[in-house]
Amino acid sequence: MEQELPAAAREWGRIIETKNLLPGDLVLVRSISPDRVSKSIENAQLKGGFPQRHAQWTHAAVYLGDGEYICESTFKESLTRGGVVMRSLFNYCDGKHAIRVRRPKVSSDRQRIKIVIGALNHMGKSYSWFELLSFMSCRSFDLI
C-alpha cells in the first residue's frame, strides 16, 4: 500500500519516525491553530477534569503497524467520506499539527492486533462524538 508522501509533508520536509511504534498505538493530534470544533473538544475535556497537557489533544487515531497508516475518523470526513477511514499518518506532517503517541497497557502482540482489527472493523462507520468522549476518558495508555 506504499504511496508517495502527501504534498504537505514533502513541502514541510519532516516526517515521523515510525520504527518505534507498535500496532495499536494511539496517535494523538492537535492543530497548531485550532478551529472551533477543536476548541470545543479541548474545553469539554478541561471541564471533564483533564489537565491542559492532556486536554489539548483533540483527535485520536489507531496506528496500524505498517510504518505509515492509521485508522481514524474526523468530523469533516464523517460529513464527506462516510466516517472511519484508513489514511497515511504523514498527512499530519504538515507543520500545522502536533503529534503525540500513547501505547496501550497490553501485554501481548495479540492484544495489540485486536486493537487494530477493532479499529478496522469500524471502517466506513459514522463519526461518533459519544464514542470519542468515552474513549478519551480511558486512562489506560502510557506516553511513549
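Here the UniProt record's numbering is used: position 104 in the sequence shown is 104, and no number is missing along the way. C-beta: ideal position from N, C-alpha, C; glycine also.
Checklist entry - In terms of residues, what are the limits of the beta strand (DSSP E) holding L27? => result According to the sequence provided, residue 27 is Val. The question's Leu does not apply to it. Start and end: 26–31.
Checklist entry - What's the C-alpha gap between M123 and Q52? => result 31 Å
Item to check | DSSP state of residue 145 mapped onto helix, strand, coil | outcome: Any property of residue 145 remains undetermined from this structure, which presents the chain solely from 1 to 144.
Checklist entry - Does the beta-carbon of K80 have 16 or more other beta-carbons within 10 angstroms, so that it is buried, or is it exposed? => result In the sequence as displayed, the identity of residue 80 is Thr instead of Lys. Label assigned to T80: exposed.
Checklist entry - Helix, strand or coil: how does DSSP classify V116 here? => result helix
Next on the checklist: Between the segment 37–45 and the segment 54–65, can you find at least three pairs of beta-carbon atoms closer than 8 Å?
Outcome noted: yes
Checklist entry - Buried or exposed: which applies to D25, given that a residue is buried once 16 or more other Cβ atoms fall within 10 Å of its Cβ? => result buried
Checklist entry - For P51, which three-state DSSP category applies? => result coil
Next on the checklist: Just to confirm before moving on: does the CB-CB distance between V62 and A119 stay below 8 Å?
Outcome noted: yes
Checklist entry - In whole angstroms, what is the alpha-carbon distance linking I144 and K19? => result Low confidence applies here, because I144 scores a pLDDT of 48, under 50, leaving its location unreliable and the question unanswered by this model.
Checklist entry - Whose CA, out of R112, H97, I16, lies closest to the CA of R103? => result R112
Checklist entry - Which residues in the same chain as Y92 place their Cβ atom closer than 6 Å to its Cβ, once the five residues preceding and following it in sequence are excluded? => result V29, I99
Checklist entry - Taking DSSP as the reference, what is the three-state secondary structure of residue 167? => result Beyond the ends of the chain as shown, which are 1 and 144, falls residue 167; an answer cannot be given.
Checklist entry - Taking DSSP as the reference, what is the three-state secondary structure of T18? => result coil
Item to check | Sequence-distant residues of its chain with Cβ nearer than 6 Å to M86 (five each side left out) | outcome: Y69, C71
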